[in-house]
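K.L.:
Before anything else, here's the structure in question.
Number of protein chains: 6
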Amino acid sequence: MSHQPVADRVATVKPVEYDQATGRVREIFDDIMATKKIDFVPNMWKTLANYPPLLDETWQRLKRIMGPGRLDPLTKEMIALAVSATNGCAYCVNSHTAAVKKLGLDDEALGELLSVVALFNSTNALAEAYQIRPDVLPPQ
Amino acid sequence: MSHQPVADRVATVKPVEYDQATGRVREIFDDIMATKKIDFVPNMWKTLANYPPLLDETWQRLKRIMGPGRLDPLTKEMIALAVSATNGCAYCVNSHTAAVKKLGLDDEALGELLSVVALFNSTNALAEAYQIRPDVLPPQ
Amino acid sequence: MSHQPVADRVATVKPVEYDQATGRVREIFDDIMATKKIDFVPNMWKTLANYPPLLDETWQRLKRIMGPGRLDPLTKEMIALAVSATNGCAYCVNSHTAAVKKLGLDDEALGELLSVVALFNSTNALAEAYQIRPDVLPPQ
Amino acid sequence: MSHQPVADRVATVKPVEYDQATGRVREIFDDIMATKKIDFVPNMWKTLANYPPLLDETWQRLKRIMGPGRLDPLTKEMIALAVSATNGCAYCVNSHTAAVKKLGLDDEALGELLSVVALFNSTNALAEAYQIRPDVLPPQ
Amino acid sequence: MSHQPVADRVATVKPVEYDQATGRVREIFDDIMATKKIDFVPNMWKTLANYPPLLDETWQRLKRIMGPGRLDPLTKEMIALAVSATNGCAYCVNSHTAAVKKLGLDDEALGELLSVVALFNSTNALAEAYQIRPDVLPPQ
Amino acid sequence: MSHQPVADRVATVKPVEYDQATGRVREIFDDIMATKKIDFVPNMWKTLANYPPLLDETWQRLKRIMGPGRLDPLTKEMIALAVSATNGCAYCVNSHTAAVKKLGLDDEALGELLSVVALFNSTNALAEAYQIRPDVLPPQ
Numbered sequence: 009m010s011h012q013p014v015a016d017r018v019a020t021v022k023p024v025e026y027d028q029a030t031g032r033v034r035e036i037f038d039d040i041m042a043t044k045k046i047d048f049v050p051n052m053w054k055t056l057a058n059y060p061p062l063l064d065e066t067w068q069r070l071k072r073i074m075g076p077g078r079l080d081p082l083t084k085e086m087i088a089l090a091v092s093a094t095n096g097c098a099y100c101v102n103s104h105t106a107a108v109k110k111l112g113l114d115d116e117a118l119g120e121l122l123s124v125v126a127l128f129n130s131t132n133a134l135a136e137a138y139q140i141r142p143d144v145l146p147p148q
Numbered sequence: 009m010s011h012q013p014v015a016d017r018v019a020t021v022k023p024v025e026y027d028q029a030t031g032r033v034r035e036i037f038d039d040i041m042a043t044k045k046i047d048f049v050p051n052m053w054k055t056l057a058n059y060p061p062l063l064d065e066t067w068q069r070l071k072r073i074m075g076p077g078r079l080d081p082l083t084k085e086m087i088a089l090a091v092s093a094t095n096g097c098a099y100c101v102n103s104h105t106a107a108v109k110k111l112g113l114d115d116e117a118l119g120e121l122l123s124v125v126a127l128f129n130s131t132n133a134l135a136e137a138y139q140i141r142p143d144v145l146p147p148q
Numbered sequence: 009m010s011h012q013p014v015a016d017r018v019a020t021v022k023p024v025e026y027d028q029a030t031g032r033v034r035e036i037f038d039d040i041m042a043t044k045k046i047d048f049v050p051n052m053w054k055t056l057a058n059y060p061p062l063l064d065e066t067w068q069r070l071k072r073i074m075g076p077g078r079l080d081p082l083t084k085e086m087i088a089l090a091v092s093a094t095n096g097c098a099y100c101v102n103s104h105t106a107a108v109k110k111l112g113l114d115d116e117a118l119g120e121l122l123s124v125v126a127l128f129n130s131t132n133a134l135a136e137a138y139q140i141r142p143d144v145l146p147p148q
Numbered sequence: 009m010s011h012q013p014v015a016d017r018v019a020t021v022k023p024v025e026y027d028q029a030t031g032r033v034r035e036i037f038d039d040i041m042a043t044k045k046i047d048f049v050p051n052m053w054k055t056l057a058n059y060p061p062l063l064d065e066t067w068q069r070l071k072r073i074m075g076p077g078r079l080d081p082l083t084k085e086m087i088a089l090a091v092s093a094t095n096g097c098a099y100c101v102n103s104h105t106a107a108v109k110k111l112g113l114d115d116e117a118l119g120e121l122l123s124v125v126a127l128f129n130s131t132n133a134l135a136e137a138y139q140i141r142p143d144v145l146p147p148q
Numbered sequence: 009m010s011h012q013p014v015a016d017r018v019a020t021v022k023p024v025e026y027d028q029a030t031g032r033v034r035e036i037f038d039d040i041m042a043t044k045k046i047d048f049v050p051n052m053w054k055t056l057a058n059y060p061p062l063l064d065e066t067w068q069r070l071k072r073i074m075g076p077g078r079l080d081p082l083t084k085e086m087i088a089l090a091v092s093a094t095n096g097c098a099y100c101v102n103s104h105t106a107a108v109k110k111l112g113l114d115d116e117a118l119g120e121l122l123s124v125v126a127l128f129n130s131t132n133a134l135a136e137a138y139q140i141r142p143d144v145l146p147p148q
Numbered sequence: 009m010s011h012q013p014v015a016d017r018v019a020t021v022k023p024v025e026y027d028q029a030t031g032r033v034r035e036i037f038d039d040i041m042a043t044k045k046i047d048f049v050p051n052m053w054k055t056l057a058n059y060p061p062l063l064d065e066t067w068q069r070l071k072r073i074m075g076p077g078r079l080d081p082l083t084k085e086m087i088a089l090a091v092s093a094t095n096g097c098a099y100c101v102n103s104h105t106a107a108v109k110k111l112g113l114d115d116e117a118l119g120e121l122l123s124v125v126a127l128f129n130s131t132n133a134l135a136e137a138y139q140i141r142p143d144v145l146p147p148q
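Sequence order for the protein chains is A, B, C, D, E and F. The first sequence begins at 9 in this note's numbering and counts up one residue at a time. The second sequence begins at 9 in this note's numbering and counts up one residue at a time. The third sequence begins at 9 in this note's numbering and counts up one residue at a time. The fourth sequence begins at 9 in this note's numbering and counts up one residue at a time. The fifth sequence begins at 9 in this note's numbering and counts up one residue at a time. The sixth sequence begins at 9 in this note's numbering and counts up one residue at a time.
See below:
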């Protein structure tokens, strides 16, 4: 028996669809699709478009930080996935898993990445549980 | 006036010092120092030694996961730092910052890494705040 | 193609429906609907009714804290939404978003509120990531 | 060289000392010491006394929930410690570790407890990281 | 009107079904069903099987920690539920709620347990909100 | 006996002092002190100055979001404090508590605010612990 994947939640505001978007919002939507080389506007951006200043600042910030720098794009997306898994953010885990796969991470390397994430969520809990004192306090 | 860095917390159990350690605990302490190429036992391991099975499993697991694999050691330590910063674990942030620096990450690249961590803690909050629906549900 | 919104999760215990409620639980259900000026019992309260002492204390506490005081009702519901978004609690985000809208917050002001929530989840991560020392320690 | 334990933080409001307490606050302070069989007022309660309604409701609630019921006192304090370690709350970890020790938990059993806490912080991260679907959806 | 429970999310990788499992993965699946006395492989394990080393280490660790020790099985599962509720992990809350019920916890005792979890999430927030100083710093 | 407040942690990078700051960093430091009407540079900004792009974007973003809008400055700082207390961020709690006090919130109103924060951290845990289904799914 096949069963259809279902939407697991609905946004608390109505997303702005591409066809409804005008002006600055339309420009940002176009920039998102061109920059990410995709042919649809992800729900995150359609939702933030309800408050254009938030759409604008979030997109400009993400574009700048995820752009060329010292760390490569795959490393940055793996960091994004590690943060999202730690926070338990469903939208973000879905989105960044798709991104790391698109950048070439296969299921084995994803498994290794998530082993690291799981390990340190565990040791973080232990360090807090025993209130362990830092080893070396950096100079100040 | 100079002021000394101070311990910012004390453990809830008494750490086992190297000189007190015997048998399996001593072996693990030696293995930790040899593997990490350091000449002291970090507080995490001295604390876990209060319950040797926890020391043993945590060290074996960390040694295996942080050992050779598909992801390089610096990437794994950056993931560890991203997780620890997201959880707000003081001991862990100190420890993994020391590790990434030892592996060659300078303050500029550290700043870029933490920009990524800050960015996605922000978008995670937005995705939750608007209850944004995943874009693409993977096949199942 | 239209697709129906679907329940995104089901409770781990069977909610107590209004018609099944008797005695103290029925009284609380009536008080909830009268106080909130709504004509249904929200799922939170139907679920807590499985353990009446928890229903009772949670409702009395919420009624008292959310009642008249120094802070106005909209401010309190915005605080509730900020906490719920930060924790990533789906039920709570839905519930408090409905509440702030009912109290007059429009989508623009909601966007501004969530910008603030996103900003400080970001700076919180940075403060932890760099283990920044408090500026001014209050007298003690 | 001996080094003194130091206060690891200071409260953002001035604690109310026992000698300064009057009326309802004094009564609650006395009840806390009598109920917990201790001869000092813990900092939590001295701090909450800055806003007596919060002191009152928190103490009454804690006294009722931690009082006689289906679960024994040690189990309840272990739950409290598990929650506090997961949240990384320093004050709370210290306080509940002291409580479980007073109720007879030795360092070995504490180690076993914290192994359980660490394990499930790890599997929680994995379940979120892979967005694992619940196995069995309860009837509704 | 009856409405069907629906899957509330889908995994980001394809679960390995029992019939597809071979070698070490098949052995672990058999051990999971035998140890837990269930006749299906939970989604957690089918998902982790995408990266066998993670399946292997997670299962061996869970089996050892949840096996005979100083704390009884119900206490350990209650700790697991407290951690999972605090983290807001949907899969984990479902799974550990099923486990505590199977071990005999009825809805009343579950309500008492969750009252404790709710209480300390509240006091944790207060301790952080006021930055309360630990009462007694343990010897070091 | 008086005892001195002590630094409760030290940053993992060396803060940039005002006298060392040049160019864009000096300009931002001056803008921070002028905008906030304070005569020192808070540790957050001295630390971020280690990576000037992060200092720049964080300050510009904070200045814009915390500037004139639909919500008043005190409301925004209360939201900031609610987020910081929920995340357990020590630096941030100290900083935003100072800010709300400067904007006129007295200890009683602060107590009421923190009662709200504590209440909803409690109900968030309950909603997750019982996996409560949203009441009303918004149109999409």
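For each residue, glycine too, the CB sits at the ideal point set by N, CA and C. Keep in mind that this is a model prediction, so the values were computed, not measured.
(1) Counting only the same chain and skipping the five closest in sequence on each side, list residues whose C-beta sits under 8 Å from that of C/Leu154.
(2) Using a Cβ cut-off of 7 Å, pull out every chain B residue sitting near A/Lys84, in sequence order please.
(3) Assuming B/Val18 contacts B/Pro60 (C-beta within less than 8 Å), just tell me the rounded distance between them.
(4) Below 8 Å, how does it come out for the region 124-138 of chain A and the region 122-136 of chain D: are there three or more Cβ pairs, yes or no?
(5) Counting Cβ pairs closer than 8 Å, one from the region 74-88 of chain D and one from the region 69-86 of chain E, do we hit at least three?
(6) Mark A/Gln28 as exposed unless 16 or more other C-beta atoms lie within 10 angstroms of its C-beta, in which case mark it buried.
(7) Is the shortest distance between the beta-carbon of B/Arg141 and the beta-carbons of chain E less than 8 Å?
(8) At 4 residues or longer, what runs of the alpha helix (DSSP H) sit wholly inside the region 30-70 of chain D?
(9) Is the CB-CB distance between B/Ala98 and A/Ile87 below 8 Å?
(10) Going by the beta-carbon positions, is the gap between A/Pro23 and A/Lys44 smaller than 8 Å?
(11) With 16 as the cutoff for other CB atoms within 10 Å, does F/Ala107 come out buried or exposed?
(12) How many Å lie between F/Gln68 and F/Met74 at the Cα?
(13) Can you grab the Cα-Cα spacing for the pair B/Leu111 / B/Ser130, in whole Å?
(14) Name the chain B residues that come within less than 8 Å of A/Ala19, Cβ to Cβ?
(15) Please state the DSSP three-state secondary structure of C/Asp114.
(16) Between which two residues does the alpha helix (DSSP H) harbouring E/Pro91 extend?
(17) Specify the secondary structure class of E/Ile140 as computed by DSSP and reduced to three states.
(18) Could you run through the region 90-105 of chain C and flag, in chain order, every residue whose CB is less than 7 Å away from some CB of chain B?
(19) Which residues in chain C sit within 8 Å of E/Asp115, going by Cβ to Cβ distance?
(20) Note down the Cα distance separating C/Glu116 from C/Thr105, rounded to an integer number of angstroms.
(21) With DSSP run on the structure shown, which of helix, strand or coil describes A/Thr20?
(22) Using 8 Å as the limit for Cβ to Cβ distance, is B/Met9 near chain C?
(23) Using only CA atoms, which one of F/Thr66, F/Lys71 and F/Lys109 lies nearest to A/Leu70?
(24) On the criterion of 16 or more Cβ atoms from any shown chain inside 10 Å, does B/Phe156 qualify as buried, or is it exposed?
(25) Leaving aside the five residues before and after B/Met41 along the sequence, list all residues of the same chain whose C-beta is less than 8 Å from its C-beta, in chain order.
(26) Taking all protein chains shown into account, decide if C/Gly96 is buried (16 or more other Cβ within 10 angstroms of its Cβ) or exposed.
(27) If you draw a straight line from the C-alpha of B/Asn102 to the C-alpha of B/Met52, how long is it?
(28) What does the Cβ neighbour count give for E/Pro76, buried or exposed, with the cut at 16 atoms within 10 Å?
(29) Any idea what DSSP makes of C/Gly75, helix, strand or coil?
(30) How long is the line joining the alpha carbons of D/Leu56 and D/Tyr26, rounded to whole angstroms?
(31) Where E/Asp114 and A/Ala93 are concerned, what is the direct C-alpha to C-alpha distance, given to the nearest angstrom?
(32) Contact criterion: CB-CB distance below 8 Å. Does D/Leu134 meet it with respect to chain A?
(33) According to DSSP, simplified to helix, strand and coil, what is F/Glu25?
(34) If the cut is a Cβ gap below 7 Å, which residues of chain A does F/Glu65 touch?
(35) Sort E/Tyr138, E/Gln139, E/Leu79 and E/Asp64 by Cα distance to E/Glu35 and report the nearest one.
P.N.:
Based on what the coordinates show:
(1) The requested residue 154 of chain C does not occur in the structure, where chain C is confined to residues 9 to 148.
(2) Val124
(3) Wrong, their Cβ atoms sit about 22 Å apart, outside the cutoff.
(4) yes
(5) yes
(6) exposed
(7) no
(8) 31-44 and 51-56
(9) no
(10) no
(11) buried
(12) 10 Å
(13) 28 Å
(14) Tyr138, Gln139, Ile140 and Arg141
(15) coil
(16) Before going on, a small fix: residue 91 of chain E reads as Val here, not Pro. Residues Pro81 to Asn95.
(17) coil
(18) Ala93, Thr94, Gly96, Ala98, Val101 and Asn102
(19) Val21, Asn58 and Tyr59
(20) 13 Å
(21) coil
(22) The pLDDT assigned to B/Met9 is 29, lower than 50, so where the model puts this residue is not dependable; a value taken from the coordinates is nonetheless given after this. With 8 Å as the cut-off, B/Met9 does not count as an interface residue toward chain C.
(23) F/Thr66
(24) Limits of chain B in this structure are 9 at one end and 148 at the other, which puts residue 156 of chain B out of reach.
(25) Asp47, Phe48 and Val49
(26) buried
(27) 12 Å
(28) exposed
(29) coil
(30) 13 Å
(31) 32 Å
(32) yes
(33) coil
(34) Arg69
(35) E/Asp64
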